[in-house]
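Q: So that you can map any letter, position 40 of the sequence shown is 40 in the UniProt record's numbering, and since no number is skipped, the others follow by simple counting.
Glycine is no exception: its CB is placed at the ideal position from the N, C-alpha and C atoms.
This one's a predicted model, so the numbers in the text were calculated from it and none came from an experiment.
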Amino acid sequence: MVRTIRFHELGGPEVLRYEDLPVRSPGPGEVRMRVDAFGLNRAEVNFRRGTYLEDPVLPAGLGYEASGEILEVGPDVARWAVGDAVSVVPAFSQNDYPIYAEEAVVPAAALVGRPDGMDAVTGAAIWMPYVTVYGALQEVTRVRPGDHVVITAATNSVGMAAIQVVRHLGAIPIATTRTAEKHPALLEAGAATVIATDSEDLTEAIRAATGGRGAEFAFDAVGGPQVEQLARAMAPDGRIIVHGNLSGQPTPLPGNRFGPVWMRRYTLFEITKDPAGLRRAEHFVRAGLEAGAFVPVIDRIFGFDDIVAAHIYVDSDERRLGKPVVQVRPARSGA
């Protein structure tokens with residue numbers, strides 16, 4: 001029996017509960033792993049509320065990102081072996097493979113190897129943000145050196161990763177955040193320009209930052225009416241990639257009055273559910289890590305017993321910078 005976190009009704013963080021449950025043996029194409037740490041995402045918050053892409057099947061577990069060690073390998077798994085240090089990337093349904101637990105069974109296809117010397121907390125925080133950005137800016141579109149890339153909601157883990165990826169590609173990151181509070185931190189993180197949307201006109205600020213031409217790309221986590229402001233600030237044939245909806249409002253499709261602007265909805269699953277795409281993403285991220293260009297930003301570490309507090313934090317409007325992580329087991333030497 002292992003401690004597992006589930007919810008039996010939709011609602012706030014208080015619906016999360018700990019249960020002692022058995023862990024099944026892995027089937028074909030699966031592994032059983034010890035979970036040392038897992039990342040926290042708004043996807044899990046929305047899943048708990050019943051507002052995510054898929055409806056939870058109650059009682060439901062949850063979770064997408066984890067880091068740990070393989071304990072058992074199922075049939076037809078060739079790449080992995082017992083004892084391998086791995087990370088889990090989102091490539092499955094939370095209903096089928098929840099990972100908020102001391103142990104979990106996951107698809108082998110959703111695993112990437114944890115780089116040598118990387119601790120479990122970092123291993124739980126790195127892959128989702130950087131793979132998300134890679135897919136949008138190198139697979140769906142292709143950012144080139146010198147391009148201006150607007151990164152909205154840049155203080156979250158995906159936004160921080162996007163700043164680093166854009167710079168690594170030789171392009172120019174323009175970061176947005178709601179208030180000026182995080183302005184210095186975003187500049188330190190590598191943003192060329194920071195725009196506080198509560199006090200600045202987004203369109204005018206982007207135009208000013210690009211010498212009046214407009215941005216070639218926008219990587220948008222906010223969605224909603226703000227998309228029209230982005231559309232007004234794009235260069236001719238500019239591309240807007242909407243990968244989130246933090247606004248919680250319908251996202252309009254820019255009309256003819258905005259000129260030649262291309263907009264597309266994008267999800268991480270386009271890359272992670274394609275084995276070849278995931279391998280390309282893994283290679284890209286590893287190369288960035290080895291070059292020192294990618295440095296995961298950990299916002300806050302919670303203990304496994306503090307899952308309600310952790311979800312309250314993710315649910316809140318606190319000004320985070322990077323990825324919140326839950327550490328399931330104390331750090332071990334070399335882990």
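What separation, rounded to the nearest whole angstrom, lies between the Cα atoms of Leu137 and Met1?
A: 43 angstroms
Q: So, is Asp299 buried or exposed, given that buried needs 16 or more other C-beta atoms within 10 angstroms?
A: By the 16-neighbour rule on beta-carbons within 10 angstroms, Asp299 is buried.
Q: With a threshold of 16 other CB atoms inside 10 Å of the CB of Phe92, please say whether the residue is buried or exposed.
A: buried
Q: With a 10 Å radius around its C-beta and 16 neighbouring C-beta atoms as the bar for buried, classify Ser199 as buried or exposed.
A: With fewer than 16 Cβ atoms within 10 Å of its Cβ, Ser199 is classed as exposed.
Q: Enumerate in chain order the residues of its own chain whose CB-to-CB distance from Arg320 is below 7 angstroms, with the five nearest sequence positions on each side excluded.
A: Correct list, in chain order: Thr155, Asn156 and Asp299.
Q: How do the segment 75–90 and the segment 107–115 stand: do at least 3 beta-carbon pairs fall below 8 angstroms, yes or no?
A: yes
Q: If you reduce the DSSP assignment to three classes, tell me which class Trp262 lands in.
A: In the structure shown, Trp262 sits in a strand (DSSP, three-state: E or B).
Q: Hey, which unbroken runs of the beta strand (DSSP E) at 3 residues or more fall wholly within the segment 152–195?
A: 172–177
Q: Quick check on Ala335: does DSSP put it in helix, strand or coil?
A: For Ala335, the predicted structure reports a pLDDT of 49, less than 50, and the residue's modelled location is therefore unreliable. The matter cannot be settled from this model.
Q: Straight-line CA distance for Val325 to Glu102?
A: A straight-line Cα-Cα distance of about 14 angstroms links Val325 and Glu102.
Q: Is Ala104 closer than 7 angstroms to Val15 when the C-beta atoms are compared?
A: no
Q: Would you tell me roughly how many angstroms separate the C-alpha atoms of Ala335 and Asp119, rounded to the nearest one?
A: Its pLDDT being 49, under 50, Ala335 is placed unreliably in this model, and the coordinates cannot settle the point.
Q: Go through the segment 114–154 residue by residue and report every complete run of the beta strand (DSSP E) that reaches 3 residues or more, in order.
A: Those beta strand (DSSP E) runs which fall completely within the segment 114–154 and span 3+ residues are 148–151.
Q: Look at the alpha carbon of Thr267 and the alpha carbon of Arg239, and state the distance between them as a whole number of angstroms.
A: 16 angstroms
Q: Taking the alpha carbon of Trp127 as the reference point, which residue from Ala161, Pro28, Ile5 and Thr141 has its own alpha carbon closest?
A: Ala161 is the residue among Ala161, Pro28, Ile5 and Thr141 whose C-alpha sits nearest the C-alpha of Trp127.
Q: Under the three-state reduction of DSSP, which class applies to Glu65: helix, strand or coil?
A: coil
Q: On the CB-based measure, 16 or more other CB atoms within 10 Å of its CB, does Gln327 come out buried or exposed?
A: By the 16-neighbour rule on beta-carbons within 10 angstroms, Gln327 is buried.
Q: Have a look at Pro330, Gln229 and Ala310 and flag the residue whose alpha-carbon is nearest the alpha-carbon of Pro13.
A: Ala310
Q: Applying the criterion that 16 or more other CB atoms from any shown protein chain within 10 Å of the CB defines a buried residue, is Val57 buried or exposed?
A: Per the 10 Å Cβ criterion, exposed.
Q: Which residues does DSSP list as the beta-bridge partners of Glu102?
A: None, per the DSSP bridge assignment.
Q: Would DSSP call Gly39 helix, strand or coil?
A: strand
Q: Assign Arg114 to one of two classes, buried (16 or more other C-beta atoms within 10 Å of its C-beta) or exposed (fewer than that).
A: buried
Q: Pull up the distance between the alpha-carbon of Val295 and that of Leu169, whole angstroms please.
A: 15 angstroms
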